[in-house]
Structure formats: structure tokens, C-alpha cells
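Below you'll find the structure, written out as C-alpha cells, and then a few comments.
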Amino acid sequence: MDTRTSYLGIRLEHPFIAGASPLGYHVDAIKRLEDAGSAAVVLHSLFEEQITQLESGRVAHMSVYDREFEDALAAYPGQYEYPLGPDEYAEHVYRVKRAVSIPIIGSLNGRTAESWLKFALIIEQAGADALELNMYDVCTEVSAPGAAIESRLVSVVRELKRLLKIPLAVKLSPFFTAFANVAYQLDAAGADGLVLFNRFYQPDIDIKTMSVVSQTELSTSAELLLRLRWIAILHGRVRPSLALTGGVATVEDGIKGLLAGADVIQMVSALLRHGAGHIATMRRGLEGWMSEQGLSTLLEARGRVSLRKTNDPASFERAHYIRTLHNTVIGG
Ligand SMILES: Cc1cc2nc3c(=O)[nH]c(=O)nc-3n(C[C@H](O)[C@H](O)[C@H](O)COP(=O)(O)O)c2cc1C
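Using my numbering, the first residue of the sequence shown is number 550, and each one after it goes up by one.
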């Protein structure tokens with residue numbers, strides 16, 4: 550059974566990899582992922598705020614010594630609350646690379662096109678096989694037009710492509726006016742991979758204390774469908790590899806991602822719930838399904854349920870929308 554795939558130009562034995570998470574904090578945990586069969590590992594992120602605080606004593610342009618910003622800064626973790634400082638992160642990449650033989654993808658997480666980006670080079674020099682850039686930004690600026698936000702994202706990608714020799718993947722939010730065009734612009738800017746999608750951690754409100762409650766919940770398969778839709782729309786229509794992240798809990802979820810056209814499936818919540826061994830379950834499940842379907846290579850399945858062969862994807866989407874409304878049975 551040939552389950553091989555290629556992601557960011559890197560050949561992998563199969564498509565299941567560990568996504569960015571605390572599973573990347575320790576060399577031992579990464580070794581366990583390798584032993585359990587993870588085809589590659591994305592490390593947890595190094596954050597822009599950590600880098601700027603170390604280099605200039607500023608977080609989001611606010612000085613940590615300025616009392617005026619005390620409240621705003623209190624919401625950020627202190628420098629010592631991150632598992633690794635910026636220099637330690639590079640050292641960690643170096644040590645991980647010496648300990649395992651699977652590809653290791655570093656992760657940078659930020660929102661501006663500023664000097665912190667040079668850390669990408671340090672991660673490359675430490676030996677990372679690729680870099681994942683997560684521009685996680687909830688733009689609250691009422692006067693900022695969508696085009697300006699897209700343009701900032703594209704310029705960061707262009708700048709990183711100018712700096713780096715290793716491949717660059719971009720982890721994205723689905724909340725753009727025209728997501729397909731954002732993918733197209735990132736393709737033109739040289740991105741080697743698109744990672745769909747960031748989960749937006751949505752704070753709730755506690756009505757007793759009348760305050761915001763931050764919550765982190767692991768995902769469920771319910772989050773998969775948005776990812777399937779956009780992978781299916783983009784498969785074969787943009788050059789960068791496509792990684793699916795978000796909502797892959799079961800073997801069936803993973804197979805759906807591949808049928809939609811994903812080159813790799815990143816997993817976090819399922820691994821935190823079931824342990825690293827879940828990767829082997831995913832691979833065995835994929836092989837079992839391929840055998841039932843009479844498929845000898847993954848290539849025969851990938852993108853089989855994408856919109857690649859549809860002449861007019863927009864009308865396909867619209868037709869399904871109308872059909873769904875018509876088929877909805879209203880209860881008495
Ligand atoms: C505890 C935890 C920590 C995470 N840390 C990071 C991170 O450092 N950088 C990042 O880009 N994504 C991070 N993520 C997001 C995951 O990489 C992934 O995109 C998200 O959890 C959706 O995938 P899943 O449904 O398989 O969990 C984290 C997720 C969790 C649950």
C-alpha cells in the first residue's frame with residue numbers, strides 16, 4: 550500500500566503529522582511522536598511578542614515599563630511563562646533535529662511585518678526543515694480595509710521567501726472576504742504551503758462576574774466541514790501544498806480531508822486526547838480503507854472529491870446550497 554505524499558516539497562511516508570502544540574515542547578515527546586509513526590512534526594510557535602519583549606522591552610509596541618499600558622499588558626503571558634525563550638527555541642530546534650530523523654517544521658506566530666521576522670532565519674540556521682508562519686490576527690481596527698490586511702500578510706510572506714531557503718507554509722484564518730483570492734495571492738508571493746485553518750479561540754462571557762472568560766477546548770469533528778470545503782475548492786487550483794488542521798478526530802475525518810485534496814493532515818486535539826499512538830491508528834485505518842476501495846496508492850484518492858474538475862465551482866457551491874435548503878425537512 551503506497552501512502553506516500555509530498556508536503557512543501559518534502560517526501561513523507563504517509564500524510565498524518567503532529568500540528569503545532571505543546572507536543573513540541575520536549576525532545577522526548579517529539580521522539581515519542583516519531584516512534585508512534587508521525588510523518589513529521591510542527592513545533593509549537595515562537596511568538597512575535599516574546600521576541601519584541603526580549604529585544605526592545607515592548608509587546609505590541611507598548612513598553613512593559615510604561616504604567617499607562619499596565620492593564621493592556623497584564624493579559625499577555627510574562628516572558629517566563631513561555632516554555633522556551635527565543636534563543637532557547639532555536640537551540641530546541643537544533644537538539645530536536647539531532648534526536649529524530651523525521652522532518653521538523655518550526656513555527657513563528659505574529660501579526661506584523663516587522664523586524665521580529667528575522668527569527669525565521671535563526672530557525673532555519675538551527676536546522677528546521679521548513680517554517681510555518683501563523684499570522685493570527687483579529688483585526689479590531691474599524692478603519693482597516695480588508696485589502697490592507699491581505700496586503701500585510703502577503704508582504705510578510707514575500708519578505709520571508711526572500712530571507713529563507715527552507716520552504717514556507719502559511720497557517721491561515723478562514724475569515725477573509727474572498728479566501729480563494731487570498732490563497733491565490735499567497736501562491737503568487739511564493740508560499741510553499743497553506744495550512745487551513747487556524748481555530749479562533751473564542752472568549753465567552755461569565756454573567757456572574759460580568760467578565761471575559763478565555764477558554765481552550767479541544768476540537769471535535771464538527772470543525773472539519775469548513776476545512777473540507779476550502780481544501781476541496783483550492784485543490785489543484787493553487788500551487789502550494791495544502792495541509793488540513795482542525796477537527797480531524799477519527800480515521801474517517803482524515804480520509805475525508807485527503808479526498809477533498811489535502812496533502813497532509815495535521816492533528817493536535819486527537820493526539821492530546823488519545824496519545825501519540827493515535828497516529829498509527831490513523832495510518833492503519835487509511836491503509837484498511839484503501840484496501841477496501843481497491844486503491845494501491847494515495848494519489849488515486851487525493852482530491853477525488855474536490856472541485857478540481859468542476860468548470861464553475863461557484864455555481865456548484867450555489868446549487869448545493871439551494872438543494873440543501875430544499876431538502877431540509879421541517880418538523881411539525
Ligand atoms: C493546547 C494547544 C496549543 C496550541 N499551540 C499552537 C501553537 O503554538 N501554534 C499554532 O500555530 N497553533 C497552535 N495550536 C493550534 C493547533 O496547531 C491546531 O491548528 C488546532 O488545534 C486545530 O487542530 P486540531 O483540531 O487537530 O486540534 C494549539 C492548539 C492547542 C489545542
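From the three backbone atoms N, C-alpha and C, an ideal C-beta is built for every residue, glycine too.
Fair warning: this is a prediction, and the values are worked out from it, not measured in the lab.
- With fewer than 16 other Cβ atoms inside 10 Å of its own Cβ, residue 823 counts as exposed.
- Residue 735 has its Cβ no nearer than 8 angstroms to any heavy atom of ligand 1.
- Per DSSP, the unbroken alpha helix (DSSP H) holding residue 869 starts and ends at 862 to 876.
- The beta carbon of residue 796 sits closer than 8 angstroms to at least one heavy atom of ligand 1.
- When DSSP reads this structure, residue 792 sits in a beta bridge with 744 and 813.
- Rounded to the nearest angstrom, the gap between the Cα atoms of residue 656 and residue 683 is 7 angstroms.
- In this structure, the beta-carbon distance from residue 590 to residue 652 falls below 9 angstroms.
- Beta-bridge partners assigned by DSSP to residue 753: 762.
- The secondary-structure analysis by DSSP pairs residue 551 across a beta bridge with 846.
- Residue 804 holds the alpha-carbon nearest to the alpha-carbon of residue 552 among 804, 663 and 745.
- At a Cβ-Cβ threshold of 9 angstroms, residue 585 and residue 563 do not count as neighbours.
- Remark: the shortest separation between the CB of residue 571 and any heavy atom of ligand 1 falls under 8 angstroms.
- Under the DSSP assignment, residue 695 falls in the alpha helix (DSSP H) whose first and last residues are 695 to 712.
- Distances from the CB of residue 658 to the heavy atoms of ligand 1 include at least one below 8 angstroms.
- 582 is the residue among 758, 582, 839 and 713 whose C-alpha sits nearest the C-alpha of residue 645.
- Three or more pairs of CB atoms, one per stretch, sit closer than 8 angstroms, so the segment 726 to 733 contacts the segment 779 to 794.
- In this structure residue 790 touches residue 557 by the C-beta definition: roughly 5 angstroms separates them, less than 8 angstroms.
- Three or more beta-carbon pairs separated by less than 8 angstroms are not found between the segment 746 to 757 and the segment 827 to 842, which leaves the two stretches without contact.
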